[in-house]
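**Q**
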Amino acid sequence: EAAVTQSPRNKVAVTGGKVTLSCNQTNNHNNMYWYRQDTGHGLRLIHYSYGAGSTEKGDIPDGYKASRPSQENFSLILELATPSQTSVYFCASGPGQGGDTQYFGPGTRLLVL
Amino acid sequence: QQNVQQSPESLIVPEGARTSLNCTFSDSASQYFWWYRQHSGKAPKALMSIFSNGEKEEGRFTIHLNKASLHFSLHIRDSQPSDSALYLCAVNTGANTGKLTFGHGTILRVHP
């Protein structure tokens with residue numbers, strides 16, 4: 035089973051502060067993804083990456099940046115956190131082809147006060 | 764842009780019942796169709812996928828895909844309390860990018 039880990043698992047931040055969420059995968063997958071999950075909205079794609087050094091905007095990228103420094107690591111950065119970014123964030127990885135399974139991390143619960 | 768809709772929003776069924784979950788999509792060029800399951804407080808996990816029209820069965824679970832109708836469904840035979848979860852359908856967005864568009868989910872509760 036593919037392994038994806040996320041840190042921290044829970045985070046409380048203040049409005050206007052900077053937040054960095056980290057994701058690590060040990061499966062040598064090319065693609066990595068950041069989603070947020072809110073009640074009634076399923077999973078919405080924020081940013082994704084095709085490999086080290088690449089980041090692409092997903093469906094809801096505003097207010098978020100991403101960084102992929104290596105094949106294994108993919109970070110999501112909130113430069114100026116707002117209460118509307120309170121959510122559960124999931125990272126996922128996958129080999130990169132259309133028919134491939136995405137494997138999800140355990141999630142990070144973020145509360146912005 | 765791909766639009767994926769699920770119905771119903773929630774469902775309560777007795778143990779042993781047959782359960783049907785529905786998903787519609789908007790892009791007729793879509794090629795890959797997934798059901799993910801997410802137990803409360805856990806990560807989503809791929810349950811089943813189908814890539815061509817027709818039916819695919821794995822144990823108690825069956826997927827039906829009708830591309831012409833832009834519709835696919837998940838059927839659970841002999842539903843168990845352990846099937847209680849959020850079910851998310853997903854469709855690929857863009858050819859061979861690996862990107863998925865998810866529906867909003869159906870909450871299933873199976874009561875003993």
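For the record, the sequence lines run as chains A and B.
Per the numbering used here, residue 35 is the first one in the first sequence, and the count goes up by one each step.
Per the numbering used here, residue 764 is the first one in the second sequence, and the count goes up by one each step.
Each residue gets a CB set at the ideal place from its N, CA and C atoms; glycine is no exception.
Show which residues of chain B have a CB atom less than 8 Å away from the CB atom of Asp134(A).
**A** Gly861
**Q** Counting only the same chain and skipping the five closest in sequence on each side, list residues whose C-beta sits under 7 Å from that of Ile775(B).
**A** Arg872 and His874
**Q** I think Leu849(B) touches Ile870(B), with their Cβ atoms under 8 Å apart; what is that distance to the nearest whole Å?
**A** Right, their Cβ atoms sit about 5 Å apart.
**Q** Please confirm whether Gln131(A) has its beta-carbon closer than 8 Å to some beta-carbon of chain B.
**A** yes
**Q** Under the three-state reduction of DSSP, which class applies to Asp846(B): helix, strand or coil?
**A** Note: Asp846(B) maps to helix in three-state DSSP.
**Q** Listed in chain order, which residues of the stretch 778-800 of chain B have Cβ atoms closer than 7 Å to some Cβ of chain A?
**A** Gln794 and Tyr795
**Q** Check the Cβ-Cβ distances between Tyr82(A) and every residue of chain B, and say whether any is below 8 Å.
**A** yes
**Q** Can you list, in chain order, the residues of its chain with a C-beta nearer than 6 Å to that of Thr880(B)? Leave out the 5 residues immediately preceding and following it.
**A** The question about residue 880(B) has no answer here: the residues shown for chain B are numbered 764 through 875.
**Q** Kindly indicate if chain B contains any beta-carbon less than 8 Å away from that of Phe108(A).
**A** For Phe108(A), the answer is no, since every Cβ of chain B falls outside 8 Å of its Cβ.
**Q** Between the C-alpha atoms of Asn64(A) and Ala115(A), what's the straight-line distance to the nearest angstrom?
**A** 29 Å
**Q** Let's see if you can read the secondary structure: which residues bound the beta strand (DSSP E) around Ala100(A)?
**A** Lys99 to Ser101
**Q** Using the DSSP secondary-structure output, state which residues sit across from Phe814(B) in a beta bridge.
**A** Beta-bridge pairing links Phe814(B) to no other residue.
**Q** Determine the direct distance from the alpha carbon of Gln136(A) to that of Lys819(B), and round the result to whole angstroms.
**A** 20 Å
**Q** Please confirm if Phe824(B) has its CB atom under 8 Å from at least one CB of chain A.
**A** Chain A contact via Cβ: absent.
**Q** Measure the beta-carbon distance from Ser791(B) to Asn855(B) and round it to whole angstroms, keeping in mind my assumption that it falls under 8 Å.
**A** Going by Cβ atoms, the distance from Ser791(B) to Asn855(B) rounds to 13 Å, so no, they are not a contact pair.
**Q** The stretch 58-72 of chain A: which residues have C-beta closer than 7 Å to a C-beta of chain B, in chain order?
**A** Contacts with chain B (Cβ-Cβ distance below 7 Å) from the stretch 58-72 of chain A involve Asn65, listed in chain order.
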